[in-house]
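Asker: So the sequence lines, in the order shown, correspond to chains G and H. Residue numbers for the first sequence follow my numbering, beginning at 1390 and rising by one. Residue numbers for the second sequence follow my numbering, beginning at 1390 and rising by one. Note that the Cβ used here is the ideal one computed from N, Cα and C, for glycine as well. Here it is, the structure in full.
Protein chains: 2
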Amino acid sequence: MQAAIDAIVEPRRREILCLVRDQELAAGRIAAHFDVTRQAVSQHLRILYDAGLVSERRDGTRRIYRARPEGLAELRAFLDQFWSERLEALKSEVEAEQRRRTDDADRKQ
Amino acid sequence: MQAAIDAIVEPRRREILCLVRDQELAAGRIAAHFDVTRQAVSQHLRILYDAGLVSERRDGTRRIYRARPEGLAELRAFLDQFWSERLEALKSEVEAEQRRRTDDADRKQ
DNA sequence: CGCAAATGTCAGTATATACTATCGCAACTT
DNA sequence: AAGTTGCGATAGTATATACTGACATTTGCG
Chain G
1390 MQAAIDAIVE PRRREILCLV RDQELAAGRI AAHFDVTRQA VSQHLRILYD AGLVSERRDG
1450 TRRIYRARPE GLAELRAFLD QFWSERLEAL KSEVEAEQRR RTDDADRKQ
Chain H
1390 MQAAIDAIVE PRRREILCLV RDQELAAGRI AAHFDVTRQA VSQHLRILYD AGLVSERRDG
1450 TRRIYRARPE GLAELRAFLD QFWSERLEAL KSEVEAEQRR RTDDADRKQ
């Protein structure tokens, strides 16, 4: 799971993930979107693949990637669980605080 | 926003965040939970603070921290938006693809 | 087979960062 | 005022990692 988190932290990898979220793309096509070398993108793809965030399919000499929704869903579930436990309680506290502050102020809607 | 993402990536900082999610805690109390030096924890707290994920309050010589739900909510909203846009669509595609494979042979374009 | 295209792998490098040690600062205590 | 407590800031170090360049591999074509 830490692998998936590490993977989406790198901005370049998030961009790559966005690219292959809507469409399948070959490694070369992905690399063409960036100003770094093809190898660098290849390494990013490897990391995304190991983290389960993209799938790889071979077509001749090309390797075609796309986002792997299951991987994204797992990561999302983990993060949700991470903070949702107490987030609601804390949110209530903040809202109560805000209500207290705006009590004497104008109230719209 | 990248600051918030960088902040929650580091496992130690996620632990710290968990500690101050339920309760206010002074820096020293937080540091006592870990086997690294007090200064290291202080640096983590600074990073969490700059990312807007914790709030700081002074009480005499002590600095008391706690999770900042707004910061967490913003981060969560960003991540939600990041992958929820196409997540459902991709899931449908994958399921359709799997049906196609079990149906008959592969057909490319 | 020989060559080109598309891509991954590896070694080396540069930069980021998590940590420690030392120091500095503010608030209390005596 | 002087000492103590609780912290943060900074410099230096060790490790992680994003990148490039060189090379290897697989596939397709003549």
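(1) Using a 10 Å radius around the Cβ and a threshold of 16 neighbouring Cβ atoms, would you call G1460 of chain G buried or exposed?
(2) When the Cα atoms are used, what is the spatial distance from I1397 of chain G to L1408 of chain H?
(3) With 9 Å as the C-beta to C-beta threshold (strictly closer), list the residues of the segment 1390-1405 of chain H near chain G in chain order.
(4) Since I1453 of chain G sits in a beta bridge, which residues does DSSP pair it with?
(5) For a test of the three-state rule: what should DSSP assign to V1430 of chain G, helix, strand or coil?
(6) Using only CA atoms, which one of G:L1437, G:Q1432, G:F1467 and G:E1399 lies nearest to R1457 of chain G?
(7) So R1452 of chain G and A1429 of chain G are supposed to be a Cβ contact under 8 Å. How far apart are they, rounded?
(8) Would the beta-carbon of F1467 of chain G fall within 7 Å of that of M1390 of chain G?
(9) Just the Cα atoms here: how many angstroms apart are R1402 of chain G and H1433 of chain G?
(10) Can you tell me whether DSSP reads D1424 of chain G as helix, strand or coil?
(11) Report buried or exposed for A1392 of chain G, applying the criterion of at least 16 other Cβ atoms within 10 angstroms of its Cβ.
(12) Under three-state DSSP, which class holds G1441 of chain H?
(13) Excluding sequence positions up to five away, which residues of its chain have a Cβ less than 8 Å from the Cβ of E1413 of chain H?
(14) Alpha carbon to alpha carbon, how far is D1395 of chain H from I1419 of chain H? Give it in angstroms, no decimals.
(15) Quick check on the burial criterion: 16 or more other C-beta atoms within 10 angstroms. Buried or exposed for A1421 of chain H?
(16) Would you decide whether V1443 of chain G is buried or exposed? Buried here means 16 or more other CB atoms lie within 10 Å of its CB.
(17) Just to make sure I have the definition right: I need the residues of chain H whose C-beta is within less than 7 Å of the C-beta of L1468 of chain G. Which are they?
Answerer: Based on what the coordinates show:
(1) buried
(2) 24 Å
(3) Q1391, I1394, D1395, I1397, V1398, P1400 and R1403
(4) DSSP lists G:A1415 and G:R1446 as the bridge partner or partners of I1453 of chain G.
(5) helix
(6) G:L1437
(7) With 8 Å as the limit, R1452 of chain G and A1429 of chain G do not qualify as a contact, their Cβ atoms being about 16 Å apart.
(8) Yes; because the gap between Cβ atoms is below 7 Å, this pair is in contact.
(9) Annotation: R1402 of chain G to H1433 of chain G spans about 6 Å, alpha carbon to alpha carbon.
(10) coil
(11) exposed
(12) coil
(13) R1446, I1453, Y1454 and R1455
(14) 20 Å
(15) It counts as exposed.
(16) Under this definition V1443 of chain G is a buried residue.
(17) L1468
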